[in-house]
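Respectively, the protein sequence lines represent chains A and B. Taking the working numbering, the leading residue of the first sequence gets 1, the next gets one more, and so forth. Taking the working numbering, the leading residue of the second sequence gets 202, the next gets one more, and so forth. For glycine and all other residues, C-beta sits at the position ideal for the given N, C-alpha and C. Quick caveat: nothing in here was measured; it's all calculated off a predicted structure. Below is one structure, written out as structure tokens, with a few remarks after it.
Protein chains: 2
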Amino acid sequence: MTSSDDRLQHLVGTATAIFAERGFRATSMRDLSRASGMSLAGIYHYVRSKHELLFLIQDQCFTEVHAGAVAALEGVTDPEERVRAFIRHHLVFFTGHMDKMKVLSHEDDELEGTMRQQVRERKRAYVDLLWSLLHQVDHRPVNPVVAGYTLFGMMNWIYTWYNPAGTIRPEQLADDVARLFLYGYLPSTRPAVELAASPGG
Amino acid sequence: MTSSDDRLQHLVGTATAIFAERGFRATSMRDLSRASGMSLAGIYHYVRSKHELLFLIQDQCFTEVHAGAVAALEGVTDPEERVRAFIRHHLVFFTGHMDKMKVLSHEDDELEGTMRQQVRERKRAYVDLLWSLLHQVDHRPVNPVVAGYTLFGMMNWIYTWYNPAGTIRPEQLADDVARLFLYGYLPSTRPAVELAASPGG
DNA sequence: GTTCCTCCCGAACGAACGTTCGGACGGATG
DNA sequence: CATCCGTCCGAACGTTCGTTCGGGAGGAAC
Numbered sequence: 001m002t003s004s005d006d007r008l009q010h011l012v013g014t015a016t017a018i019f020a021e022r023g024f025r026a027t028s029m030r031d032l033s034r035a036s037g038m039s040l041a042g043i044y045h046y047v048r049s050k051h052e053l054l055f056l057i058q059d060q061c062f063t064e065v066h067a068g069a070v071a072a073l074e075g076v077t078d079p080e081e082r083v084r085a086f087i088r089h090h091l092v093f094f095t096g097h098m099d100k101m102k103v104l105s106h107e108d109d110e111l112e113g114t115m116r117q118q119v120r121e122r123k124r125a126y127v128d129l130l131w132s133l134l135h136q137v138d139h140r141p142v143n144p145v146v147a148g149y150t151l152f153g154m155m156n157w158i159y160t161w162y163n164p165a166g167t168i169r170p171e172q173l174a175d176d177v178a179r180l181f182l183y184g185y186l187p188s189t190r191p192a193v194e195l196a197a198s199p200g201g
Numbered sequence: 202m203t204s205s206d207d208r209l210q211h212l213v214g215t216a217t218a219i220f221a222e223r224g225f226r227a228t229s230m231r232d233l234s235r236a237s238g239m240s241l242a243g244i245y246h247y248v249r250s251k252h253e254l255l256f257l258i259q260d261q262c263f264t265e266v267h268a269g270a271v272a273a274l275e276g277v278t279d280p281e282e283r284v285r286a287f288i289r290h291h292l293v294f295f296t297g298h299m300d301k302m303k304v305l306s307h308e309d310d311e312l313e314g315t316m317r318q319q320v321r322e323r324k325r326a327y328v329d330l331l332w333s334l335l336h337q338v339d340h341r342p343v344n345p346v347v348a349g350y351t352l353f354g355m356m357n358w359i360y361t362w363y364n365p366a367g368t369i370r371p372e373q374l375a376d377d378v379a380r381l382f383l384y385g386y387l388p389s390t391r392p393a394v395e396l397a398a399s400p401g402g
């Protein structure tokens, strides 16, 4: 009888959509009740509090995106290609799950105590993965700490402007960001051909 | 008798600090009353609503940062240098006014109606300024829209990690980000000397 | 001395919030 | 049949919220 688990996941999904649209604080349990079809009190059968709902979203999402990144790196050996693979996976995942990722990015500071700690740990694991990738490519003059946070900024900021229904395809976005981060905005002396010849162009 | 204006600015300053620390929605008017030394009702002598307080912060800050950028560009003619000057100004201003800028970045979607519209216009003017700068440098293969939003992501994300009391100096941060955006993380074939020789190093 | 205006506040208002209480329903168990 | 347990809910509880009300204090105007 997984129907109980299904109901919980339905609730988490509804909460994700509304938290993303309206923000965590601005969303009331009555909003969630209305949108999920459950009664106000019924929600508390599945979840201890409103904060636990946010915790479930963030915990699941970090776990998912971390596992996805690890899988995307499998078999890729060239350090530069590994960075590119990380960026590509992050952005394709992000654009494919905008509401989850917006809740991850925008409601970063709402949890407290144990829940906060556990999400922080999952986040740390994911961030450390990028850190290790960045240290394994040659980066002469740039502070790698600044570079890492800056890359996350490039990628995570998209929840403020990217429209999945628009003309920019996720893979194209991922390639642009990867090229931007690795080679910069100005035309470099590196062969542009090798970049334009990437699959799916 | 500017003492009334002073009191208002004191209030706006207090609100900026608390909104930045706790978030707009999580801050109550009673919090502001306590922190500003004014009575709860007294606040409403200076301000029509809690939202107007947020509006004043955002409106003033966008105006200030836009004017600062225009001033920073004055006399700079080389297109590439103009982009670098914009980045440098944005980051030095940001690191120097972290609370204002956090409120600008994080509480972007809280206003409604006329106030929202006016802040949106000020923001538009500032963003358009960067847009025009980016179009005037050679950027062969990269989508300028993606590049512009990405650059803002690089810069605005710092409110999530940068510690002004830490070891990274604002000017160093600004130079790193500028170099990262223009030339990328990988060592380019451009002379690194010209970058290392920038003033203040 | 009366009126007016600016500045300011204690106290309250109505609404909305997250959460809990007590119990209803239905299938499984003995 | 009685009992129990997982599922679910209407109604309420206590709190906090943004805002308003009615008025006081004090200086300026006439």
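Burial of B:S306 is indicated by the presence of at least 16 other C-beta atoms within 10 angstroms of its C-beta.
For B:R321, no chain A residue has a C-beta closer than 9 Å to its own C-beta; the minimum C-beta separation is roughly 13 Å. Membership of A:E80 in the alpha helix (DSSP H) is indicated by the continuous run 79-96. Within chain A, no C-beta atom comes less than 8 Å from the C-beta of B:H252; the nearest is roughly 13 Å away. The segment 282-296 of chain B makes no contact with the segment 225-239 of chain B: fewer than 3 CB pairs, one atom from each, lie closer than 8 Å.
The three-state reading of DSSP puts B:S205 in helix, counting H, G and I together.
Closest by C-alpha distance to B:H267, out of B:F353, B:L254, B:V343, B:A326, is B:A326. Taking C-beta atoms as the reference points, B:V320 and B:Q373 fail to come closer than 7 Å. By a beta-carbon distance limit of 8 Å, B:A216 contacts B:L254. Their separation comes to about 5 Å.
Taking the Cα positions, B:E313 is about 9 Å away from B:H252. With respect to the 7 Å criterion, B:R341 and A:P187 are classified as neighbours on the basis of their beta carbons.
The three-state reading of DSSP puts B:G367 in coil, since its state is none of H, G, I, E or B. About 4 Å separates the beta carbon of A:R88 from that of A:A174, a gap short enough to meet the 8 Å contact definition.
In this structure A:T160 does not touch B:V378 by the C-beta definition: roughly 18 Å separates them, more than the 8 Å allowed. The beta-carbon distance between B:L383 and B:V284, rounded to whole angstroms, is 7 Å. This is short enough to meet the 8 Å contact definition. For A:A26, the chain B residues whose Cβ falls inside 9 Å of its Cβ are R226, E311, in order along the chain.
In this structure, B:G214 is the residue among B:H246, B:D329, B:G214 with its C-alpha nearest to the C-alpha of B:S237. Non-local beta-carbon contacts of A:Q60 in its own chain, meaning distances under 7 Å to residues more than five positions away in sequence, are absent. Straight-line measurement puts the Cα of A:V146 at about 11 Å from the Cα of A:W131. Assignment of A:W161 by DSSP, reduced to helix, strand and coil, places it in the coil class.
The C-beta of B:E275 has fewer than 16 other C-beta atoms within 10 Å across all chains shown, which makes the residue exposed. In this structure, B:L335 places its C-beta atom within 7 Å of the C-beta atom of B:G349. For A:K102 against A:A20, the beta-carbon gap comes to about 5 Å, under 8 Å, which counts as contact. Under the three-state reduction of DSSP output, A:N143 falls in the coil class, being neither helix nor strand.
Following the DSSP letters along the chain, one finds B:S250 in no alpha helix (DSSP H), marked with neither H nor E. DSSP places A:T114 inside the alpha helix (DSSP H), whose first and last residues are 113-135. In chain order, L32, S36, M38, I43, Y46, V47, L53 place their CB closer than 8 Å to the CB of A:L11, counting only its own chain and leaving out the 5 sequence neighbours on each side. B:E308 has its alpha-carbon roughly 13 Å from the corresponding atom of B:M316.
The alpha-carbon of A:V127 is positioned some 34 Å away from that of B:F256. Counting along the chain, no alpha helix (DSSP H) covers A:M38, and no H or E run does either.
Close to chain B, meaning a Cβ-Cβ distance shorter than 7 Å, is no residue of the segment 88-103 of chain A at all. With contacts defined by Cβ atoms closer than 7 Å, A:E64 and A:V137 do not form a contacting pair.
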